[in-house]
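Before any comments, here is the structure.
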Amino acid sequence: MSFDSLAFRQAMGRFTTGVTVVTTRNPKGGNIGVTVNSFASVSLDPPLVLFCLDKAALSFEAFGRSDQFAVNFLCAEQHALSVRFSTTTADKWEGVAYDIWPTDLPVLRDCLVNLGCQKEAVHEGGDHVIIVGRVDALRLDGEKRPLVYYQSGYREIGASL
Ligand SMILES: Cc1cc2nc3c(=O)[nH]c(=O)nc-3n(C[C@H](O)[C@H](O)[C@H](O)COP(=O)(O)O)c2cc1C
């Protein structure tokens, strides 16, 4: 069965995900952040996670050079942060509330979860790379509602079945 790239994009858009902002620092100490919904957990023991990064992203080089990154799970109230970190602007971080963790990672405040990760492996994945990290720090807020992404739109989680 053949299909075109539009059909492939539409199909992928029907896979519902949460939304994260993956952050790191560049060699000059500047903060880097990208909206990412290709996040997945990989392994419980050891605790491994992955995300896929577009080779064309402006922050591609910074993630390649850094040996660590943070994954910030956004809550429903933070959809503006998803828009901000998915838009190439001069300063994505202006006015954004964040902490610097002891490992020197910038981590967004008020998220559902923050994960601190050491880079474990990088795999080829077509026009993306697959970056695997080992989680070595974690902050979670059980009271928040997740931001949901489906068919190019932001949603809140619905009723339980
Ligand atoms: C909801 C959503 C999810 C996204 N997921 C990814 C992703 O998993 N990987 C990726 O490379 N880009 C993803 N993007 C696109 C990047 O956020 C976007 O290209 C961003 O501008 C890259 O920033 P940079 O060019 O400053 O590095 C996503 C965008 C949105 C809105």
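Residue numbers (my numbering): 919 to 1079.
For each residue, glycine too, the CB sits at the ideal point set by N, CA and C.
{"query": "Glycine 982 lies in the alpha helix (DSSP H); which residues open and close that run?", "result": "978-983"}
{"query": "Just to check, is the beta-carbon of phenylalanine 933 closer than 7 Å to a non-hydrogen atom of ligand 1?", "result": "no"}
{"query": "Going by the DSSP bridge assignment, what does glutamate 1042 pair with across the sheet?", "result": "Val1047"}
{"query": "If we require 4 or more residues per run, which alpha helix (DSSP H) segments fall completely within the stretch 995-1028?", "result": "997-1003"}
{"query": "Quick one: grab the DSSP three-state call for leucine 992.", "result": "coil"}
{"query": "Pick from Glu979, Ala1077 and Phe933: whose alpha carbon is nearest that of valine 1047?", "result": "Glu979"}
{"query": "So, does the CB of valine 989 fall closer than 8 Å to a CB anywhere in chain D?", "result": "Note that chain D does not occur in the displayed structure, where there is just one protein chain."}
{"query": "Output the boundary residues of the beta strand (DSSP E) element that contains serine 961.", "result": "958-961"}
{"query": "Taking leucine 924 as part of the alpha helix (DSSP H), name the residues at either end of that continuous run.", "result": "923-931"}
{"query": "Counting beta carbon pairs with one atom in the stretch 1003-1020 and one in the stretch 1038-1047, are three or more of them shorter than 8 Å?", "result": "no"}
{"query": "Which residue from Met919, Ala958 and Leu968 puts its Cα closest to that of glutamate 1038?", "result": "Leu968"}
{"query": "Determine the burial state of tyrosine 1016: buried for a count of at least 16 other Cβ atoms within 10 Å of its Cβ, exposed for fewer.", "result": "buried"}
{"query": "Nearest-angstrom Cα distance between serine 977 and leucine 1030?", "result": "24 Å"}
{"query": "Need the endpoints of the beta strand (DSSP E) that glycine 951 sits in, please.", "result": "949-954"}
{"query": "Which of the three DSSP states is assigned to proline 1064 in this structure?", "result": "strand"}
{"query": "Consult DSSP for leucine 1079 and reduce its assignment to one of helix, strand or coil.", "result": "coil"}
{"query": "Excluding the five sequence neighbours on either side, which residues of its own chain have a C-beta within less than 7 Å of the C-beta of arginine 1052, listed in chain order?", "result": "Pro964, Pro965, Leu966, Cys1035, Gln1036 and Glu1038"}
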